[in-house]
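Asker:
Chains as they are written, first to last, in the numbering used here: chain A, 289 to 829; chain B, 289 to 829.
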């Protein structure tokens with residue numbers, strides 16, 4: 289399996305037209321074959337029209353059929369894992385084991401969301417039966433559930449070439465909810481995107497699904513993505529990436545004549561609060577765990593711990609010395625793209641110049657390391673950990689210190705005591721995660737801090753680390769703005785992700801045989817339903 | 289109980305400052321005492337600060353306590369129904385029976401949402417227990433649920449002085465979800481608003497709830513509402529009203545540094561498709577039912593049937609003659625405000641001038657009736673039914689004909705056959721409701737039309753009428769844009785309304801006693817929870 293560089297528009301492909309670009313190997317620092325043609329606005333319009341034509345049929349598709357399709361995609365990905373991983377290694381510089389694991393996670397997501405689609409519980413079916421004799425007015429039979437929104441546009445992310453990209457969580461959950469999907473491929477891994485896209489199209493054909501179920505568009509720039517978000521036939525957007533990119537799409541969608549939802553998962557600094565008791569009990573373990581969480585994937589995770597909040601003490605300084613030694617020993621590695629690395633370097637250079645901020649471990653870790661990188665064997669992409677430290681007072685007074693530096697850079701905030709830690713917590717913007725490291729007895733006393741963290745993050749972690757996300761029915765990958773554009777009301781990971789792509793419809797006064805299967809008396813789908821006030825899988829009597 | 293004209297800011301009241309205004313009696317055509325002072329931007333800021341200070345305590349408040357508070361509000365409203373209805377009659381011109389019924393509905397909503405808060409099912413609790421032995425990685429314990437967003441601003445609507453106003457559905461559902469509420473009173477019924485607001489404050493005190501739980505602000509203009517929507521401490525907005533007003537708030541909220549959700553329920557023309565079989569079987573009944581639905585409350589319902597779609601036939605013409613006779617016999621009545629009536633008159637005059645549009649029943653019903661109104665005993669507010677007719681071809685070609693005229697005016701669209709009816713349905717924008725009148729055997733053949741209507745409306749009604757909304761766990765009062773600003777993903781009526789004011793939070797790795805009660809093993813709240821993949825009210829083993 290090799291990519292050929294054309295966008296996949298329904299069952300066809302884009303013609304020539306847009307600017308061409310190549311994938312970039314961040315380890316060797318070179319572009320490589322083939323050339324990918326940027327799609328045109330006409331391609332975007334055709335993809336939207338095909339998706340809209342497929343949408344009504346998709347809305348009627350039984351959950352079992354959607355599940356079969358998602359399982360078929362997973363099977364296809366597994367059969368071609370070697371090809372996919374080989375291409376992705378070249379395009380991302382990520383390790384084979386990591387990428388194999390990511391393909392497995394992606395297949396797990398596809399199957400989990402497929403099962404959710406088949407089970408039907410996600411539709412929130414509610415039935416109130418008629419009471420024709422009720423006084424003063426008869427009560428009508430009315431039954432409601434979630435129905436798919438229609439064509440969904442998904443923007444692949446740079447940092448997860450599988451799990452948050454072409455067949456990633458947004459695509460899987462939109463398919464599971466009954467929506468056709470148009471993916472705008474991330475130019476950081478176009479070949480991987482094309483291969484995955486073709487495997488999805490194989491599943492579309494094998495399952496006898498209509499053209500327009502899926503399209504994949506390339507673009508070296510932003511025009512195609514913007515055209516898709518503005519297209520009147522597009523009904524929702526999923527995005528994982530930077531705050532700037534996400535907010536631009538959110539603003540574009542909000543300005544449409546018909547505004548549509550953009551579920552953008554954006555920036556997060558993922559604060560880690562480390563209490564004295566935790567250091568007293570487990571300092572060495574926290575050094576290990578935090579170092580791993582902060583450096584895995586060259587820090588390029590949305591859950592990377594970017595803010596470490598400590599109380600000043602001899603034990604805490606000792607802890608930071610141990611951690612610094614481990615960070616200093618962490619080798620430079622290639623970031624995903626030259627652009628990402630460039631932003632990382634600019635970000636750490638700016639932070640190094642910030643008043644009241646010092647490099648952690650001085651020359652070992654801070655700007656000198658960056659200077660070394662520029663002269664390294666990875667001139668365009670090399671990065672090693674660059675940490676900074678400051679005081680709570682400085683942090684509270686300078687909004688720039690709350691901004692994410694995407695990559696292996698964290699900011700240590702020194703507090704004088706618990707109340708100042710709480711003040712730092714209250715000052716936080718929205719985050720995907722917030723972590724508390726506390727001693728066994730200590731956690732019991734931290735109700736106020738835990739409450740503040742729960743108000744600031746989508747996931748609060750006790751004595752763990754923010755990276756490593758469990759994909760499950762209960763997980764929340766979300767958070768108040770700017771972590772997500774919808775303020776954390778939905779999640780992009782976990783089975784709740786399906787509901788993002790749906791709206792409520794109520795049927796009033798319909799005979800049983802005229803209703804969608806989910807709402808019929810016999811409950812042929814077997815979904816959990818709220819029938820006259822009680823949740824049940826039983827048929828309506 | 290008499291209003292005194294001051295905004296209620298927490299437990300205090302606004303000082304003098306803003307422009308003053310009086311309530312308007314739409315029947316007598318006069319303003320009357322007392323004078324209401326517009327709140328200032330400082331008042332808005334103080335209300336937001338008080339609400340934000342109360343929010344953390346509110347978020348911790350058990351569902352049972354929120355329910356008790358909502359029940360206390362209902363009890364207070366019931367005890368003062370006579371005073372409330374007397375003031376509302378003067379301010380709205382609505383009939384006593386209607387207003388008494390609306391108070392009863394409002395109290396029913398408060399209690400229903402209170403029960404939902406107490407039961408806790410709305411929080412969507414999900415629990416995945418730990419698997420420390422799992423390979424390759426241990427599975428962490430993680431548990432998630434919906435948590436309140438924080439201070440909510442509610443804009444009272446003009447046309448429901450109780451059910452969609454100060455203690456209406458938005459306020460009740462936000463309280464039930466655990467959010468403090470700031471209401472911007474609608475200037476069409478300021479005295480009613482103040483009386484209801486004071487009864488809410490009595491309940492706040494009686495239940496020992498903090499200052500900032502509730503505030504009520506008056507404004508003759510738009511500045512206070514805008515200041516509230518832009519205030520950084522405000523986290524969500526509820527609105528019921530016009531498309532223009534709703535969209536302005538949506539745009540304001542979207543442009544904030546931190547965008548917040550605005551749940552705006554806006555315009556709707558509520559199409560009614562009447563098939564030949566329905567006329568053959570029940571023409572006289574449909575004349576009665578449709579007339580009642582179209583004229584109740586002088587047409588000032590968001591579910592008013594504003595578009596009637598018929599197939600041309602002798603029977604359909606006979607049907608329209610009967611309906612026209614009833615409409616012609618419908619007396620003029622006072623609309624809610626001079627402003628609403630002015631817009632109604634301007635709207636029908638513009639429609640009367642539209643090419644391809646004819647008045648229904650010629651001089652009986654159309655512009656001449658409007659001219660009569662202007663010379664009537666209700667010079668500023670009088671309105672009687674003014675209907676128009678056009679062809680499907682004209683309707684499909686002129687977007688202006690899809691626009692709502694708020695009040696007792698409907699547009700009849702004549703189709704030549706079923707396919708043309710389907711074409712009209714496909715052309716519709718988003719609506720709160722869509723109604724199908726069909727004969728007993730005929731409905732079976734209308735799958736395509738029903739599917740299109742379900743894609744266009746939040747509630748599809750078979751052989752009923754759009755007005756008269758059942759408040760229940762299963763109801764949907766919502767719809768694709770422009771019916772609602774969020775595209776129908778949520779509902780403003782029914783127990784699902786609570787989820788609008790909440791976001792997801794996941795707790796990972798927490799000891800049982802550190803978790804909120806809803807997430808604890810013993811399930812002290814008794815909520816339905818998804819535990820390791822199964823929905824249950826049982827404790828975690």
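C-beta atoms are modelled at their ideal positions from N, C-alpha and C, and glycine is treated no differently.
Short of 6 Å in beta carbon distance, which residues of its chain neighbour residue 511 (chain B), apart from the five on each side in sequence? Order them along the chain.
Answerer: Once the five neighbours on either side are set aside, residue 511 (chain B) has no close Cβ partner at all.
Asker: Determine, using beta-carbon pairs with one atom in the segment 592-606 of chain A and one in the segment 549-564 of chain A, whether at least three such pairs fall under 8 Å.
Answerer: Yes, since at least three Cβ pairs between the segment 592-606 of chain A and the segment 549-564 of chain A fall closer than 8 Å, the two stretches touch.
Asker: If you scan the segment 417-480 of chain A from start to end, which runs of the alpha helix (DSSP H) of 4 or more residues do you find wholly inside it?
Answerer: Within the segment 417-480 of chain A, the complete alpha helix (DSSP H) runs of at least 4 residues are 457-465.
Asker: Any idea what DSSP makes of residue 295 (chain A), helix, strand or coil?
Answerer: Coil, per DSSP.
Asker: For residue 720 (chain A), which residues in chain B fall below 8 Å Cβ to Cβ?
Answerer: Per Cβ cutoff of 8 Å: no residues; residue 720 (chain A) is ~10 Å from chain B at best.
Asker: Who pairs with residue 823 (chain B) in a beta bridge, going by DSSP?
Answerer: Paired residues: B:818.
Asker: What are the uninterrupted segments assigned as alpha helix (DSSP H) that are 4 or more residues long and contained completely in the segment 486-557 of chain B, given in chain order?
Answerer: You should have 511-518 and 531-542.
Asker: Could you spell out where the alpha helix (DSSP H) holding residue 395 (chain A) opens and where it closes?
Answerer: Counting along the chain, the alpha helix (DSSP H) containing residue 395 (chain A) begins and ends at 384-407.
Asker: Between which two residues does the alpha helix (DSSP H) containing residue 591 (chain B) stretch?
Answerer: That residue, residue 591 (chain B), is in no alpha helix (DSSP H); it is neither H nor E in DSSP.
Asker: Going by DSSP, name the residue or residues bridged to residue 364 (chain B).
Answerer: None; residue 364 (chain B) has no bridge partner.
Asker: Per DSSP, which one or two residues make a beta bridge with residue 313 (chain A)?
Answerer: In DSSP, residue 313 (chain A) forms a bridge with A:318.
Asker: Alpha carbon to alpha carbon, how far is residue 490 (chain B) from residue 362 (chain B)?
Answerer: In a straight line, the C-alpha of residue 490 (chain B) is about 11 Å away from that of residue 362 (chain B).
Asker: Going straight from the alpha carbon of residue 315 (chain A) to that of residue 375 (chain A), what length do you get?
Answerer: Approximately 13 Å, taken between the alpha carbons.
Asker: Output yes or no for whether 9 Å exceeds the beta carbon distance between residue 795 (chain B) and residue 710 (chain A).
Answerer: Contact: no.
Asker: Sorted by chain position, which residues of the same chain lie with C-beta nearer than 8 Å to residue 292 (chain A)'s C-beta, five sequence neighbours on each side aside?
Answerer: If we look at residue 292 (chain A) and ignore the five residues flanking it on each side, its Cβ neighbours are 322 and 482.
Asker: Please state the DSSP three-state secondary structure of residue 304 (chain B).
Answerer: Reduced to three states, the DSSP call for residue 304 (chain B) is coil.
Asker: Determine whether the Cβ of residue 528 (chain B) lies closer than 9 Å to any Cβ atom of chain A.
Answerer: No, residue 528 (chain B) lies away from the interface with chain A (no Cβ there is under 9 Å from its Cβ).
Asker: Are there 16 or more other CB atoms within 10 angstroms of the CB of residue 364 (chain A), so buried, or fewer, so exposed?
Answerer: With 16 or more Cβ atoms within 10 Å of its Cβ, residue 364 (chain A) is classed as buried.
Asker: What residue range is occupied by the uninterrupted beta strand (DSSP E) comprising residue 746 (chain B)?
Answerer: Looking at the DSSP string, the run of the beta strand (DSSP E) that includes residue 746 (chain B) is 745-750.
Asker: Scan the segment 457-470 of chain A for residues whose Cβ lies nearer than 7 Å to a Cβ of chain B and list them as they occur along the chain.
Answerer: Listed by position, the residues of the segment 457-470 of chain A near chain B (Cβ gap below 7 Å) amount to none.
Asker: In chain order, which beta strand (DSSP E) runs of at least 3 residues are fully inside the segment 731-800 of chain B?
Answerer: Runs found: 745-750 and 790-796.
Asker: From residue 649 (chain B) to residue 697 (chain B), what does the alpha carbon distance come to, in whole angstroms?
Answerer: Their Cα atoms are separated by approximately 13 Å.
Asker: Hey, is residue 518 (chain A)'s beta-carbon within less than 9 Å of any beta-carbon in chain B?
Answerer: Output row for residue 518 (chain A): interface = no.
Asker: Write down the C-beta distance between residue 614 (chain B) and residue 487 (chain B) rounded to the nearest angstrom, noting that I regard them as a contact closer than 8 Å.
Answerer: Going by Cβ atoms, the distance from residue 614 (chain B) to residue 487 (chain B) rounds to 40 Å, so no, they are not a contact pair.
Asker: Return the chain-ordered list of same chain residues with a C-beta closer than 6 Å to the C-beta of residue 651 (chain A), the five sequence neighbours on each side being excluded.
Answerer: Note that residue 651 (chain A) scores 46 on pLDDT, short of 50, meaning its location in the model is unreliable and no value can be drawn from it.
Asker: Return yes when the Cβ of residue 379 (chain B) is within less than 9 Å of the Cβ of residue 449 (chain B), no when it is not.
Answerer: Their beta carbons are under 9 Å apart, which means residue 449 (chain B) touches residue 379 (chain B) by this criterion.
Asker: If you measure between the beta carbons of residue 235 (chain B) and residue 531 (chain B), is that distance less than 9 Å?
Answerer: Because chain B in this structure spans residues 289 to 829, residue 235 (chain B) falls outside the shown range and cannot be described.
Asker: If you count every other CB in all the chains shown that lies within 10 Å of the CB of residue 290 (chain B), and 16 or more means buried, which is it?
Answerer: It is exposed - the Cβ of residue 290 (chain B) has fewer than 16 other Cβ atoms within 10 Å.
Asker: Could you tell me which chain A residues have their CB closer than 8 Å to the CB of residue 823 (chain B), listed as they occur along the chain?
Answerer: Per Cβ cutoff of 8 Å: 409, 816 and 823.
Asker: What residues match up with residue 679 (chain A) in a beta bridge as DSSP calls it?
Answerer: Bridge partners of residue 679 (chain A): A:702.
Asker: Taking all protein chains shown into account, do 16 or more other C-beta atoms lie within 10 angstroms of the C-beta of residue 826 (chain B), making it buried, or fewer, making it exposed?
Answerer: So residue 826 (chain B) counts as exposed.
Asker: If you measure from the beta carbon of residue 651 (chain B) to each beta carbon in chain A, is any gap under 9 Å?
Answerer: For residue 651 (chain B), the pLDDT reaches just 46, beneath the cut-off of 50, and the residue's location in the model is therefore unreliable, leaving the point undetermined.
Asker: Any beta carbon of chain A sitting closer than 9 Å to that of residue 751 (chain B)?
Answerer: Taking Cβ atoms only, chain A reaches closer than 9 Å to residue 751 (chain B), which makes this a yes.
Asker: Our contact map puts residue 622 (chain B) next to residue 345 (chain B) with C-beta atoms below 8 Å; I'd like the distance itself, whole angstroms only.
Answerer: Contact flag wrong, Cβ pair sits at about 44 Å.
Asker: Could you pull out every residue in the same chain whose Cβ sits closer than 6 Å to the Cβ of residue 397 (chain A), ignoring the five residues on either side in sequence?
Answerer: So the qualifying residues of the chain are 457, 460 and 759.
Asker: Along chain B, which residues have their Cβ under 8 Å away from the Cβ of residue 430 (chain A)?
Answerer: Ordered by position in chain B, the residues that pass the 8 Å Cβ test against residue 430 (chain A) are 747, 758, 760, 762 and 763.
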